[in-house]
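Before any comments, here is the structure.
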DNA sequence: GTAGGATTAAAACATTCGTTTGATCCAGCG
DNA sequence: CGCTGGATCAAACGAATGTTTTAATCCTAC
């Protein structure tokens, strides 16, 4: 609100460097990972001074958290808002399992489609953050995911009353795994799986294929009581 | 073969330091990640000299690849061997989808259960390597996974002839994602999902729950032709 | 027009990194 | 014994890291 009327040339806006650092750091963290990206590479790509990161964000860790917060919080808020709408429409009845899953996936899809909000680059960064062992990242993620996951777990619990709470937790875990892995690891096994160039507009087809896959797993019969989990049971010996 | 009869005290065996370095590095890479683990921390934990890593392995990258190879190649060979047995038993008929999936999962379970072969620590390390953007890691993984993935893809293709090759690739991708994420990321979202201590003997229950989930997704109707992918289709608007 | 806080700039800070070097040890063998 | 070659060791290498400091500069507000 302070220096809103500046815009001297074409580059400098209000707090321009801060945003330029965020954008450049997001791209570089995505490409090389957190540890392998130096502050010098970031500030150099952002056309900023080396000290600017510590001035604006305090530290490298806080910069990374700022990057995550900028995209993640709106996405999770959109998820919860979608779920709110669904539950409001359904009244007292439980919301369809399929729609709940859609409420989880659609915001991620929107984010992946919007280059102005980081696009798929950010989702790859996020998926990599899941697997990162850094303590400050795990604290951050569990804090910023707790409310959303809680909301969706109770919603799924009402849609699938035959599942125990433990079994539901597992399936939600699998869903988050396949989702984040798919959105993030477009590189790792892509060559192996001979999947198309991925730049096309695969975001659409990707989630069109992922959603039915996850839905089928989510709606499969419970394995808690009885052993008739899988259709053609027998000597699968999955438990060794 | 040379110094087989040494065993002076109790510590020094043949090439003892090389193995101690592998073990210590595996544990540390698992705990802190590749970039965040220094050679000094490794050699210190292994009671070896700093230069020992470069002497025995050449570089830090080659050490990491040696760690992966030591566990990964036997596991993938076990997978292929299991699939060989299944196909031999089935003769010309296609193998059950469920058994193929079991052939993928069981070797991972065996590895996770065997502390002498790295146990679940290694699987967490492996899952993290999937998400790592380092080029040498991606080259390594795609090389060491190519044959196994290829074998399983054709096996699944015969078991699920209604699926196009593209759709099959996607579903295999989802399976690898959920599997590696589940085996690796026992930390990330565990707190959120309120899943049990995980140290118990959850490896068993984990895969008992994962396999039916993946099987249901794998056997769900194809989405290629027609839009009747999901049971209660309608306004899910998953494609936005 | 000038004071004063916010921002940028250049330089140096102290560590830490992976790697290399040359000396030293020690079993094996003629 | 003398020598050879693999293994271990302490020490140092140069480069790169995140962070801090100090001064210069910018721009709004009075």
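Chains as they are written, first to last, in my numbering: chain A, 1 to 240; chain B, 1001 to 1240. Note that the Cβ used here is the ideal one computed from N, Cα and C, for glycine as well. In this text the structure is predicted, and so the values were computed from the model without any measurement.
Proximity to residue i [Cα-Cα], best of the options
i: residue 108 of chain A; options: A/72, A/142, A/145 and A/92; result: A/72
i: residue 175 of chain A; options: A/40, A/66 and A/214; result: A/214
i: residue 1182 of chain B; options: B/1140, B/1135, B/1127 and B/1167; result: B/1127
i: residue 1045 of chain B; options: B/1032, B/1024, B/1033 and B/1030; result: B/1024
i: residue 1147 of chain B; options: B/1075, B/1048, B/1221 and B/1058; result: B/1075
i: residue 1052 of chain B; options: B/1069, B/1031 and B/1019; result: B/1019
i: residue 105 of chain A; options: A/21, A/27, A/43 and A/123; result: A/123
i: residue 218 of chain A; options: A/22, A/209, A/168 and A/207; result: A/168
i: residue 120 of chain A; options: A/140, A/210, A/27 and A/155; result: A/27
i: residue 49 of chain A; options: A/67, A/141, A/21 and A/221; result: A/21
i: residue 116 of chain A; options: A/142, A/91 and A/70; result: A/70
i: residue 1029 of chain B; options: B/1125, B/1145 and B/1054; result: B/1125
i: residue 67 of chain A; options: A/47, A/155 and A/42; result: A/42
i: residue 1212 of chain B; options: A/220, A/208 and A/210; result: A/220
i: residue 1099 of chain B; options: B/1086, B/1209 and B/1091; result: B/1086
i: residue 155 of chain A; options: A/91, A/210 and A/111; result: A/91
i: residue 314 of chain A; options: A/78, A/114, A/102 and A/163; result: Residue 314 of chain A lies beyond the residue range present for chain A, which begins at 1 and ends at 240; the question has no answer from this structure.
i: residue 1138 of chain B; options: A/17, A/32 and A/16; result: A/32
i: residue 1164 of chain B; options: B/1055, B/1016 and B/1222; result: B/1222
i: residue 173 of chain A; options: B/1172, B/1170 and B/1179; result: B/1179
i: residue 207 of chain A; options: A/153, A/113 and A/171; result: A/113
Residues that residue i contacts on chain B, provided the C-beta gap is smaller than 7 Å
i: residue 209 of chain A; result: 1167, 1170 and 1223
i: residue 213 of chain A; result: 1171, 1174, 1217 and 1220
Where residue i sits in the DSSP three-state scheme
i: residue 20 of chain A; result: helix
i: residue 1169 of chain B; result: helix
i: residue 258 of chain A; result: No answer is possible for residue 258 of chain A: the residues shown for chain A start at 1 and end at 240.
i: residue 1037 of chain B; result: coil
i: residue 1134 of chain B; result: coil
i: residue 94 of chain A; result: coil
i: residue 223 of chain A; result: coil
i: residue 49 of chain A; result: coil
i: residue 1162 of chain B; result: coil
i: residue 1084 of chain B; result: helix
i: residue 118 of chain A; result: coil
i: residue 1068 of chain B; result: helix
i: residue 1191 of chain B; result: Since pLDDT at residue 1191 of chain B reaches only 47, below the 50 mark, its modelled position is unreliable, and the value read off the structure follows with that caveat. Helix.
i: residue 214 of chain A; result: helix
i: residue 27 of chain A; result: helix
Contact set between residue i and chain A, taken where Cβ atoms lie within less than 7 Å
i: residue 1132 of chain B; result: 33
i: residue 1241 of chain B; result: Residue 1241 of chain B lies beyond the range of chain B shown here (1001 to 1240); nothing can be said about it.
Chain-ordered chain A contacts of residue i [CB-CB under 8 Å]
i: residue 1182 of chain B; result: 173, 174 and 177
Within chain B, the residues that residue i reaches when beta carbons sit closer than 8 Å
i: residue 36 of chain A; result: 1035, 1133 and 1134
Check: residue i C-beta below 6 Å from any heavy atom of the ligand SAM
i: residue 1207 of chain B; result: The model depicted lacks the ligand SAM and carries no ligand whatsoever.
field: At least 3 beta-carbon pairs within less than 8 Å: the stretch 52 to 63 of chain A vs the stretch 156 to 176 of chain A
entry: no
task: May I ask you to list, following chain order, the residues of the stretch 1117 to 1128 of chain B that have a beta carbon less than 9 Å from some beta carbon of chain A?
output: 1124, 1127 and 1128
- request: For the stretch 133 to 141 of chain A and the stretch 80 to 94 of chain A, state whether three or more C-beta atom pairs, one from each stretch, are separated by less than 8 Å.
  value: No, because fewer than three Cβ pairs between the stretch 133 to 141 of chain A and the stretch 80 to 94 of chain A fall closer than 8 Å, the two stretches do not touch.
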